[in-house]
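Novice: Per the numbering used here, residue 1 is the first one in the sequence shown, and the count goes up by one each step.
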Amino acid sequence: MTRRLAAALTIIGALMLGGCGNDYGIDQNGQKVAADRLDGKWLVLNYWAEWCGPCRTEIPELNHLADQLKDKKIGVFGVNFDNVQGEDLKGASEKLGIKFTVLAQDPADLFELPRSEALPVTYIIDNKGKVREQLMGEQTAAGVMAKLEALQAKN
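#1: Give me, in chain order, the residues of the same chain whose beta-carbon lies closer than 8 Å to that of Ala118; leave out the 5 immediate sequence neighbours on both sides.
#2: Note down the Cα distance separating Asn175 from Ser116, rounded to an integer number of angstroms.
#3: Please determine if the region 51-71 and the region 29-40 are in contact, where contact requires at least 3 C-beta pairs separated by less than 8 Å.
#4: Output the boundary residues of the beta strand (DSSP E) element that contains Ala79.
#5: Taking the alpha helix (DSSP H) that Glu58 falls in, what are its first and last residues?
#6: What are the start and end residues of the alpha helix (DSSP H) that includes Leu113?
#7: Could you check the C-alpha separation between Lys73 and Trp42 for me, to the nearest Å?
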């Protein structure tokens, strides 16, 4: 009887935990970034810094790209290169006019991103979580969209 009870509790616990996705921390506004916003979708993941001139020029292009992609299964996300957090992250995001979600926690380990010492750098990650492209330097919305379409056509 004790074994059956232990087995039943184990199964119930596993079922309850199975519904919990692996969330991606919080965004620049302190809001939880649920796993379903990233998992199973193509991602455009941009690393930026407040002191980076090309990043400042690129942000409006990424805002435009995020608008273009909002009804598709593709998300545009940012990560602050300097790992600023809390109100500093919110302030830096606002100062640069970032309208897309900025992840407070760097997902580099989760996606096994190659480290880059140059900025800006943008990664295109497929719907299985695999890095498909590393784009160095300032990007345009049209250029990233063309890369996405070419990569998805190969998929």
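Positions of the beta carbon are idealized from the N, C-alpha and C atoms, including for glycine.
Specialist: Let me spell this out:
#1: Met136, Gly137
#2: The structure shown does not extend to residue 175, since the chain is modelled only from 1 through 155, so no value can be given for it.
#3: no
#4: For clarity, residue 79 is Val in the given sequence; the question names Ala instead. Looking at the DSSP string, the run of the beta strand (DSSP E) that includes Val79 is 74-80.
#5: 53-69
#6: Neither: Leu113 is in no alpha helix (DSSP H) and is coded neither H nor E.
#7: 6 Å
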